[in-house]
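Q: I'd like to ask some things about the structure below.
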Amino acid sequence: MTLLGRSGSHLIIVDNALVRREAENRPILYGLSGVGFIGRGILNQGRHHRGLRCAAVCNRTISTALSTLRDAGVEKVEPVSSLDAFDQAVRSGSVAVTDDPALLCSSASIECVIEATGHVEYGARVVTTAIEHGKQVVLLNAELDGTVGPILKAKADKAGVIYTGCDGDQPAVEMNLFRFVSGLGLDPLLCGSIKGLHDPYRNPATQESFARRWGQSAAMVTSFADGTKVSFEQAIVANATGMRVAKRGMSGLVHAGHVDELPGRYDVDELRALGGVVDFVVGARPSPGVFLLAAARDSTQSRFLRLGKLGEGPLYCFYVPYHLTALEAPVTVARAVDFGDAAIAPAAGPVVDVIALAKRDLRSGEVIDGLGGYMAYGACENHDTAREQGLLPMGMAEGSVLRHHVGRDAAIRIEDVIYPPGRLVDALLAEQDETFPQNGARRDAV
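Remember, the numbering used here sits 26 above the position in the sequence shown when you count from 1.
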């Protein structure tokens with residue numbers, strides 16, 4: 027496995043470190059929160075990864091966790107309901123199974139927690155508890171990270187642990203590429219994701235057959251199609267790099283050719299003036315990869331880039347033709363535990379938010395069904411603009427009650443909704459605003 031180091035060079039170190047751990051019989055013990063589509067893939071990888079062991083699984087439905095472990099070929103499984111039983115199961119070589127995230131996060135047996143539920147409120151509780159107990163945290167939860175990632179990263183820094191997105195997910199693949207290109211002494215000016223479809227009006231009914239074919243939930247697949255997922259992913263990249271969006275929703279160019287042709291679709295001076303942007307394209311090859319556009323700093327760099335067949339400039343395209351999600355995810359655990367290295371994490375306060383827009387005309391009194399639903403879709407907006415206009419973060423939309431009518435495609439404002447009571451994510455968002463006041467003030471929905 028290749029780890030792209032901060033210098034930009036290819037450091038083949040993670041695989042060797044895990045081989046040593048395997049030889050010394052001291053695998054990294056990690057816990058998994060959530061056994062949905064990606065969680066199932068991570069558990070299956072346990073058959074093949076050396077030097078790592080999924081020692082515990084937390085899922086709201088224990089029967090689902092047990093059947094998933096069986097399907098992954100895990101024979102030694104033990105449901106537990108106390109910390110003593112949890113630790114005993116891990117010591118015996120079994121996978122401890124629980125529906126209590128406090129056990130997963132507080133056990134001294136667990137070095138790292140992978141949060142893979144994709145749920146904002148539940149994920150926030152898992153991550154904050156893990157950080158409080160000194161665990162390294164790996165997220166496969168872009169929705170959480172794109173909503174309150176900066177404050178979670180600040181809490182992790184204070185606790186002396188790593189908070190990171192996950193290798194194999196597009197944001198981390200983009201960040202690895204960003205680090206590589208930056209290490210070459212070039213100027214990254216655009217980080218992009220390649221999508222096959224973008225239709226903000228897709229819903230669980232239109233996506234049901236596709237979801238069934240791939241064994242995914244209709245809501246998850248809808249969030250891919252309606253642009254919500256790519257918005258969260260690119261917001262994460264923006265918050266890690268300091269890049270912004272050129273306009274609300276990103277440009278979303280339709281491009282049927284190869285990404286090598288994209289430098290001609292963007293203006294280098296405009297990208298520089300914006301300080302770099304995050305974006306996505308629809309229909310480009312190779313899909314579903316990621317790409318980065320960078321500029322040279324002098325004529326000698328340009329000459330060697332031309333020699334390397336990267337074109338005439340002034341923009342040069344670098345890309346990764348794939349992202350392998352669950353296949354790569356466990357490697358991030360080793361990066362965090364053995365090397366103190368985050369695949370991707372917020373650099374400071376929020377730079378880009380994901381705001382909620384109405385998927386249809388919404389009426390007062392309706393309860394928003396949240397991500398990948400029938401009522402709203404997410405779109406990127408620069409954080410300062412979103413805060414100045416009081417726009418509702420998409421990660422806060424689920425369960426919120428509308429107190430005003432909102433027309434189709436209009437941005438939902440915070441004053442248009444009443445938040446459900448007792449949510450941790452509301453407190454985290456308020457703390458994030460207080461911690462990073464230069465990024466704008468937020469109005470509360472009460």
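Using N, Cα and C, we set each Cβ at its ideal position, and we do this for glycine too.
Whole angstroms is fine: what's the gap from Gly425's alpha carbon to Gly290's?
A: Cα to Cα, Gly425 sits roughly 43 Å from Gly290.
Q: Run through the DSSP bridge pairs and tell me what Glu26 is partnered with.
A: Absent from the structure is residue 26, since the part of the chain shown begins at 27 and ends at 472.
Q: How big is the Cα-Cα spacing for Arg389 and Arg449?
A: Taking the straight line from one Cα to the other gives about 24 Å.
Q: According to DSSP, is Asn70 helix, strand or coil?
A: The answer is helix: DSSP assigns Asn70 an H, G or I state.
Q: Thinking just about the alpha-carbon of each residue, which of Asn42, Ala182, Val256, Val103 is nearest to the one in Cys80?
A: Comparing Cα-Cα distances from Cys80 to each of Asn42, Ala182, Val256, Val103, the minimum goes to Val103.
Q: With a threshold of 16 other CB atoms inside 10 Å of the CB of Leu29, please say whether the residue is buried or exposed.
A: Only weak support exists for where Leu29 lies, its pLDDT of 42 falling under 50; the coordinates are left without a value.
Q: So, at 8 Å on beta carbons, what are the nonlocal neighbours of Leu383 in its own chain, with the 5 sequence-adjacent residues on each side left out?
A: Hits under 8 Å: Pro226, Ala402, Tyr403, Gly404, Ala405, Asp435, Ala436, Ala437, Ile438.
Q: Using 8 Å as the Cβ pair cut-off and three pairs as the minimum, do the segment 259-269 and the segment 192-206 touch?
A: Flag = yes, the segment 259-269 and the segment 192-206 touch.
Q: Check for me: the beta strand (DSSP E) holding Arg79 runs from which residue to which?
A: 78-84 is the span of the beta strand (DSSP E), which, as asked, contains Arg79.
Q: Can you look up Thr411 in the DSSP assignment and give me helix, strand or coil?
A: Note: Thr411 maps to helix in three-state DSSP.
Q: In the DSSP assignment, find the unbroken alpha helix (DSSP H) run with Gln196 in it and report its ends.
A: Its alpha helix (DSSP H) spans residues 196-209.
Q: Do you know offhand how far Ser280's Cα is from Val307's?
A: Checking the sequence, you will find Val at residue 280 rather than Ser. One C-alpha to the other measures close to 6 Å.
Q: What does the Cβ neighbour count give for His74, buried or exposed, with the cut at 16 atoms within 10 Å?
A: Exposed: under 16 other Cβ atoms inside 10 Å.
Q: The alpha helix (DSSP H) that contains Ser235, what's its start and end?
A: Where Ser235 is concerned, the enclosing alpha helix (DSSP H) stretches over 234-240.
Q: If you follow the beta strand (DSSP E) that Cys25 is part of, which residue opens it and which one closes it?
A: The chain is shown only over 27 to 472; residue 25 falls outside these bounds and no answer can be derived.
Q: Hey, could you find the ends of the beta strand (DSSP E) Ser108 is sitting in?
A: First-last for Ser108: undefined, no H or E at that position.
Q: Classify Gln162 as buried or exposed, calling it buried when 16 or more other Cβ atoms lie within 10 Å of its own Cβ.
A: So Gln162 counts as buried.
Q: Where do the N-terminal and C-terminal ends of the alpha helix (DSSP H) with Tyr292 fall, by residue?
A: Where Tyr292 is concerned, there is no enclosing alpha helix (DSSP H), given that its DSSP letter is neither H nor E.
Q: What are the residues that DSSP puts in a beta bridge with Gly57?
A: Ala82, Val139, per the DSSP bridge assignment.
Q: Ignore the nearest five residues each way along the sequence and tell me which others in Ile157's own chain have a CB closer than 8 Å to its CB.
A: Answer for Ile157: Val163, Leu178, Lys181, Ala182, Ala185, Val187, Tyr189, listed in chain order.
Q: For Thr488, does the three-state DSSP call read helix, strand or coil?
A: With the chain covering 27 to 472 only, the question about residue 488 has no answer from this structure.
Q: Starting from Asp364, follow the alpha helix (DSSP H) in both directions and report where the run begins and ends.
A: Element bounds for Asp364: 355-365.
Q: So, is His284 buried or exposed, given that buried needs 16 or more other C-beta atoms within 10 angstroms?
A: Per the 10 Å Cβ criterion, exposed.
Q: In the DSSP assignment, find the beta strand (DSSP E) that holds Val285 and state where it starts and stops.
A: Counting along the chain, Val285 falls outside any beta strand (DSSP E), and DSSP gives it neither H nor E.
Q: Short of 8 Å in beta carbon distance, which residues of its chain neighbour Glu234, apart from the five on each side in sequence? Order them along the chain.
A: So the qualifying residues of the chain are Ala244.
Q: Kindly indicate which three-state DSSP category Tyr227 falls into: helix, strand or coil?
A: DSSP places Tyr227 in coil when its eight states are reduced to three.
Q: With DSSP run on the structure shown, which of helix, strand or coil describes Leu166?
A: Leu166: coil per DSSP, three-state reduction.
Q: Quick check: the segment 368-378 against the segment 339-347, are there 3 or more CB pairs under 8 Å?
A: These segments do not touch.
Q: May I have the straight-line CA-CA distance separating Asp252 from Ala115, to the nearest angstrom?
A: Roughly 42 Å separates the two Cα atoms.
Q: With distances taken between CB atoms, is the gap from Phe365 to Gly241 smaller than 8 Å?
A: No; because the gap between Cβ atoms is not below 8 Å, this pair is not in contact.
Q: Tell me whether Cys406 sits in a helix, a strand or coil according to DSSP, three-state version.
A: Here Cys406 sits in strand by DSSP.
Q: If you follow the alpha helix (DSSP H) that Ser219 is part of, which residue opens it and which one closes it?
A: Run containing Ser219: none in the alpha helix (DSSP H); it sits in the beta strand (DSSP E), 213-221.
Q: Please tell me whether Leu505 and Leu215 are closer than 8 Å, where the distance is taken between their beta carbons.
A: No answer is possible for residue 505: it lies beyond the span of the chain, which begins at 27 and ends at 472.
Q: Check whether the Cβ atoms of Val100 and Thr124 lie closer than 8 Å to each other.
A: In this structure, Thr124 does not lie closer than 8 Å to Val100 by Cβ.
Q: May I have the straight-line CA-CA distance separating Asp110 from Tyr348, to the nearest angstrom?
A: Each residue's Cα considered, the two are about 42 Å apart.
Q: For the beta strand (DSSP E) that Gly309 lies in, which residues bound it at each end?
A: Note, Gly309: premise wrong, no beta strand (DSSP E); not H, not E.
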